[in-house]
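Undergrad:
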Amino acid sequence: MHHSARLPPNCIVSRYANAPWTVLPLPLPPTEAPATGDDTLRRRIEPWEFEAFFNPQELRREACLLYQITWSSHKVWRETAKNTVDSHVEVNFIQNLTAGRYCRPSTRCSILWFLSWSPCSSCSKAIRLFLSQHPGVSLVIYVARLFQHMDPQNRQGLRELIHSGVTIQVMRPQEYDYCWKNFVNYPPGQEEHWPRYPVQCMTLYNLELYCIIHNLPPCVRISKQRQSQLAFFSLGLENVHYQRIPPPLLLLTGLVFVFPWK
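Quick note on numbering: full-length UniProt numbering labels position 106 of the sequence shown as 106, and the sequence is numbered without any gaps.
This is the structure:
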């Protein structure tokens, strides 16, 4: 990518499919630094793992989930999880949470996910089923990358999740900062040394998520020639994109410019 763009701080695109484009604040919970005797320390991942899983420019096959559950008692659980041979990490989370009887149909809690990949169509269906059986549970999902976003079923699955009340957003610098401080076993004195990834990658993923939400054709192409390479992003806009995507969102990519008429 030859241009850079910077997102406004603390902003998101409206998640409502029929609503006009708008910027909304979504504050994160307070951060907690690791300390001696911290009972969350064993649940933290190493810095190299965080960088390997959550770099938006790397298309790593495995998925990682960092999750936070805030119960009605205000007690907070934080944990990390990864894919297994048999199932995706989202399904593993649901199975472990319900099998341990921690979450009954009457349970009230809020769940915050940070996913290295957005859910596939099958996982989206499993999430919707779980939420329909647990009406007191709310779910917010941040994703570092969009999983096979050209697949129509995956796109439909994300739309149905959003229509069912799930908030889905692309991770921004403040989310990487939050994850680093709350889920990563960073060395002493390295609290502010979370990885700074190109904001333009996040902006392009955010643009594609907007297209998914509003049922528009894909506009972001992601490819790489070799496994060790970073992903290459390209923007292919059709007339419908120019007609229905708000100009400020296009301009944020740094790849679309306004030329005044003479």
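We treat Cβ as the ideally placed atom computed from N, Cα and C, and that holds for glycine. Since the structure is predicted, the reported quantities are computational estimates derived from the model, not experimental observations.
Can you name the start and end residues of the beta strand (DSSP E) that L251 belongs to?
TA: Counting along the chain, L251 falls outside any beta strand (DSSP E), though it belongs to the alpha helix (DSSP H) covering 247-251.
Undergrad: Return the first residue and the last residue of the alpha helix (DSSP H) that T167 is part of.
TA: Looking at the DSSP string, T167 is not in any alpha helix (DSSP H); the run it does join, the beta strand (DSSP E), is 167-170.
Undergrad: Do the CB positions of I141 and I168 come within less than 7 Å of each other?
TA: Yes, they are a contact pair.
Undergrad: Helix, strand or coil for V256 per DSSP?
TA: Note: V256 maps to coil in three-state DSSP.
Undergrad: Mind checking whether C201 and F114 have CB atoms under 7 Å apart?
TA: Taking 7 Å as the Cβ cut-off, C201 and F114 do not qualify as a contacting pair.
Undergrad: For the segment 70-83 and the segment 212-225, state whether three or more C-beta atom pairs, one from each stretch, are separated by less than 8 Å.
TA: They do not touch, by the three-pair rule.
Undergrad: Taking buried to mean at least 16 other C-beta atoms within 10 Å of its own C-beta, is N215 buried or exposed?
TA: So N215 ends up on the exposed side.
Undergrad: Pull up the CB-CB distance for L146 and Y205, whole angstroms please, since I reckon it's below 8 Å.
TA: About 6 Å; that satisfies the 8 Å criterion.
Undergrad: If you draw a straight line from the C-alpha of H241 to the C-alpha of P173, how long is it?
TA: Cα to Cα, H241 sits roughly 26 Å from P173.
Undergrad: Kindly list the residues whose CB is nearer than 6 Å to the CB of I111, restricted to its own chain and excluding five residues on each side of it in sequence; keep chain order.
TA: Answer for I111: I69, L139, listed in chain order.
Undergrad: Label P248 either buried or exposed according to how many other C-beta atoms from any shown protein chain fall within 10 Å of its C-beta, with 16 as the threshold for buried.
TA: Exposed, by the Cβ-count rule.
Undergrad: Around the C-beta of A63, are 16 or more other C-beta atoms found within 10 angstroms, so that it is buried, or is it exposed?
TA: With 16 or more Cβ atoms within 10 Å of its Cβ, A63 is classed as buried.
Undergrad: Looking at the strands, I want to know which residues DSSP matches up with R78.
TA: Answer is Q68.
Undergrad: Return the residue from the list I94, L230, N239, I245 that minimises the CA-CA distance to E58.
TA: Closest by alpha carbon: L230.
Undergrad: How far does the alpha helix (DSSP H) with W48 in it extend, from its first residue to its last?
TA: From DSSP, the alpha helix (DSSP H) with W48 extends over 47-54.
Undergrad: Secondary structure at C109, three-state DSSP: helix, strand or coil?
TA: Residue state, collapsed to three classes: strand.
Undergrad: If you draw a straight line from the C-alpha of E51 to the C-alpha of S116, how long is it?
TA: About 10 Å.
Undergrad: Given a threshold of 16 other Cβ atoms within 10 Å of its Cβ, counted over all protein chains shown, does E208 qualify as buried or as exposed?
TA: Buried, because 16 or more other Cβ atoms sit within 10 Å of the Cβ of E208.
Undergrad: What does the alpha-carbon distance come out to for the pair P187 and N83?
TA: If you take the alpha carbons of P187 and N83, they lie about 26 Å apart.
Undergrad: Would C123 and H88 be called neighbours here (beta carbons separated by less than 7 Å)?
TA: A contact, by the Cβ cut-off of 7 Å.
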